[in-house]
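Below is one structure, written out as structure tokens; the observations come after it.
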Amino acid sequence: MDVEFRIKRFDGSKSYWQSFKVPVRKGMTVLEGLYYIKENIDPSLAFRASCRMGICGSCAIKINNKPRLACETQIMHLGGKTVTLEPLDNFKVLKDLITDFEGFFAKHEFVRPYLIRDDVDY
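Start counting the sequence shown at 1; every next residue gets the next number (the UniProt record's numbering).
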């Protein structure tokens, strides 16, 4: 089955929409679809990914207008023949689906949302 990936892109000066036809197999994730496009159709497509296991959050994008992790979202579970992908809201877009997390990480460091042990020097 083929699905259309409709992607909001950004080239540094303007945003535009571009569509790609992706052959989908059972269990395939949106992230795998993005890699298919990058490896087979358009190597200039920019997106962020790291762990591919739903832990790091670096692949977070808007999928059909909802913030989701591309590595955990199965294409067939979305239903329909078109998947719309956009960068996250409230972040500066650097290129295509890549947003600037600098402010997020600065706040993350400030609030320190992790365990702080007494037996380790930080």
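Beta carbons are placed, not taken as given, at the ideal position from N, Cα and C, and that holds for glycine. Nothing here was measured: the structure is a model prediction, and the numbers come from that model.
Rounded to whole angstroms, what's the CA-CA distance from I37 to P67? Just pull it up for me. Taking the straight line from one Cα to the other gives about 21 Å.
Relative to the C-alpha of R6, which candidate in D96, K92, N90, S58 has its C-alpha closest? Closest in C-alpha terms to R6, from the list D96, K92, N90, S58, comes D96.
Just grab the DSSP bridge partners of E4 for me. Partner(s): K21, T82.
Output the residue ranges of the alpha helix (DSSP H) runs that lie fully inside the region 51-95 and measure 4 residues or longer, sorted by chain position. Whole alpha helix (DSSP H) segments, 4+ residues: 75-78.
Anticipated Cβ contact below 8 Å, V24 with D42, distance rounded: The pair is not a contact, with the Cβ atoms about 17 Å apart (cut-off 8 Å).
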